[in-house]
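3 is the number of the first residue of the sequence shown in the numbering used here; add one for each residue after it. Written below as structure tokens is the structure these notes are about.
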Amino acid sequence: MAVDILIGLQWGDEGKGKIVDVLAPTYDIVARFQGGPNAGHTLEFEGTKHVLHQIPSGIFHSHIQNIIGNGVVLDPIVFKTEMQKLTDRGVDAAQNLFISKKASLILPSHKVLDKVSEEALGSGKIGSTLKGIGPTYQDKIGRVGLRVGDILSDDFQECYDKLVSRHRKMVEFYGKQLELGEQEQLFFDAVDYLRTLKLVDSEYMINEAIQNGKRVLAEGAQGSLLDVDFGTYPFVTSSTTLVAGACTGLGVAPKHIGEVYGIFKAYCTRVGSGPFPTELLDEVGESIRQAGREFGSTTGRPRRCGWLDLPSLKYSIMLNGVTQLNMMKADVLTEFDTINICTHYRLPSGELTDKVPHSLEAENLEPVYTELPGWKIDLNKIESIDELPETFTNYLAFIEEHLRVPITIVSVGPDRKSTLKRDALSIS
Ligand code: GDP
Ligand code: IMO
Ligand code: MG
């Protein structure tokens, strides 16, 4: 069987966790392939809300094997807390969780490096989640990092000390002292816990599963516009958030890729710094933030809000080869009489384009909007696709016409059940 991949098409927080959980029953394996505790994936069902950071969103289905792949950067301390929360809620996550021995380890000193490097950037800071993501991927690419498999070696403590002494010098370069306090003890306790779990060569596990006809769903983190190559660099994360990242982050060959689910909100949000062409700095943006409860699942920071941006969605669809679109959170726009969609950008020359230019800074482009009528009906109350108001189905058709990819899932609320599956409108 093929590996299906689900990825965010915007700046993260599109609702990936919810849809992975919805799709999970038809899969045998759910695997995370990049990112780490910078992610916050929210799942809601049976009146409870769960936020997962490093554990795949298939974990609530007992028949599913969940894999943390080699492309992930894993913080053992955050991980242990996450596992404890699941245990407290009666989920025996250790049973169906497998961790790649090749996943990178986030050390407490990586988090300090993240902080001092952000501070040094001053007003140019990336707005990182301060989870140590950038420094850990730097060590990985610099070929000095530690991996999960290393915790099984007798000389792990020595390797740890060597890397931390390197980090100490780097922190001093920023004019600060490395003080880890209780974090080191927490780290080694968490590493002891990690040793008791299923540490595997997940590339074999996944490829054998594919050969045996099992269904695999790869769960992306962050979003395409935060991709280290194609995102709004340097205001991006440090991994390949695109479909290509699933190949390197799991050890899956491109020929095994099947469906690519591209998830987007009916509007845009972004946390952290960086360009955002359709950002609304007025009361409209504030209403979206309040109605959509747009506050970070990982850091609690308010998310910046703006209208839907079709040129950037087209770009993400192209980069990922999206085969099905999933639209999230349309219910949030209920109160608006009219809804704007950006179809093009106007360049300083006056020329219109639907391509994403090298610089997305406000002085280099102006979004051009089409105004559509709002639906003014609480979509969250709708239980079947046939009940959707015509204003809303016209809105879907407008987007499909522009993007040329069918919208097969429409999410109208945070709960697992608030999910409408649909046959796409015919795209003429
Ligand atoms: P992820 O990082 O892509 O998994 O997304 P997050 O969990 O960070 O953010 C999505 C937020 O929107 C969460 O609070 C979800 O519970 C919520 N959510 C998901 N889908 C919908 C939806 O269709 N409508 C509403 N109102 N909320 C949703
Ligand atoms: P999920 O998986 C939204 C953003 C940060 C910052 C930039 C770099 O929940 O969609 P990093 O800590 O990765 O070095 O931060 O990326 N960012 C996210 N924004 N959702 C996420 O994950 C994010 N992960 C990182 O806010 O702007
Ligand atoms: Mg999130």
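Backbone N, C-alpha and C define an ideal beta-carbon position, used for all residues, glycine too. Quick caveat: nothing in here was measured; it's all calculated off a predicted structure.
DSSP state of residue i, grouped into three classes?
i, result
"residue 263", "strand"
"residue 417", "strand"
"residue 169", "helix"
"residue 375", "strand"
"residue 17", "coil"
"residue 428", "Summary for residue 428: the model assigns pLDDT 47, below 50, so the residue's position carries little reliability; its value from the coordinates is reported in the next sentence. Residue 428 falls in the coil class under three-state DSSP."
"residue 404", "helix"
"residue 367", "coil"
"residue 240", "coil"
"residue 338", "coil"
"residue 33", "strand"
"residue 65", "coil"
"residue 83", "helix"
"residue 360", "coil"
"residue 76", "strand"
"residue 395", "helix"
"residue 297", "strand"
"residue 5", "strand"
"residue 95", "helix"
"residue 162", "helix"
"residue 155", "coil"
"residue 180", "coil"
"residue 114", "helix"
"residue 23", "helix"
Looking at residue i and the ligand IMO, is the gap between the Cβ and the nearest heavy atom below 7 Å?
i, result
"residue 15", "yes"
"residue 292", "no"
"residue 128", "yes"
"residue 234", "no"
"residue 278", "no"
"residue 71", "no"
"residue 18", "yes"
"residue 237", "yes"
"residue 40", "yes"
In the DSSP assignment, the beta strand (DSSP E) including residue i goes from what residue to what residue?
i, result
"residue 47", "43-47"
"residue 218", "218-221"
"residue 142", "From DSSP, residue 142 is part of no beta strand (DSSP E) but of the alpha helix (DSSP H) over 135-143."
Excluding the 5 residues flanking residue i on each side, which residues of the same chain have their C-beta closer than 8 Å to its C-beta?
i, result
"residue 349", "355, 359, 366 and 367"
"residue 420", "333, 382, 413 and 414"
"residue 345", "312, 313, 356, 370, 371, 372 and 404"
Mind checking who residue i pairs with in its DSSP beta bridge?
i, result
"residue 307", "271"
"residue 411", "328 and 423"
"residue 10", "265"
"residue 346", "370"
"residue 70", "34 and 101"
"residue 130", "Answer by DSSP bridge pairing: none, since residue 130 is not bridged."
"residue 149", "106"
"residue 53", "44"
"residue 202", "102"
"residue 355", "347"
Taking the alpha helix (DSSP H) that residue i belongs to, which residues open and close that run?
i, result
"residue 281", "Here residue 281 belongs to no alpha helix (DSSP H), and DSSP marks it neither H nor E."
"residue 252", "245-252"
"residue 189", "185-197"
"residue 314", "312-322"
With hydrogens ignored, establish whether the beta-carbon of residue i is closer than 7 Å to any heavy atom of the ligand GDP.
i, result
"residue 43", "yes"
"residue 337", "no"
"residue 46", "yes"
"residue 226", "no"
"residue 172", "no"
"residue 295", "yes"
"residue 420", "yes"
"residue 413", "yes"
"residue 136", "no"
"residue 87", "no"
Residues in the same chain with beta-carbon distance under 6 Å from residue i, minus the five sequence neighbours each way, listed in chain order, please.
i, result
"residue 88", "95"
"residue 185", "110"
"residue 300", "42 and 131"
"residue 182", "110"
"residue 397", "374"
"residue 253", "205"
Would the C-beta of residue i count as close to the ligand MG, meaning under 7 Å from any of its heavy atoms?
i, result
"residue 204", "no"
"residue 299", "yes"
Does any residue of chain C have a CB that is nearer than 8 Å to the CB of residue i?
i, result
"residue 211", "Absent from the structure is chain C; it holds one protein chain and no more."
Between which residues of its own chain and residue i is the CB-CB distance below 7 Å, once the five residues before and five after are set aside?
i, result
"residue 229", "238, 242, 243 and 244"
"residue 82", "192 and 195"
"residue 19", "43, 44, 45, 54 and 59"
"residue 23", "45, 59, 62 and 418"
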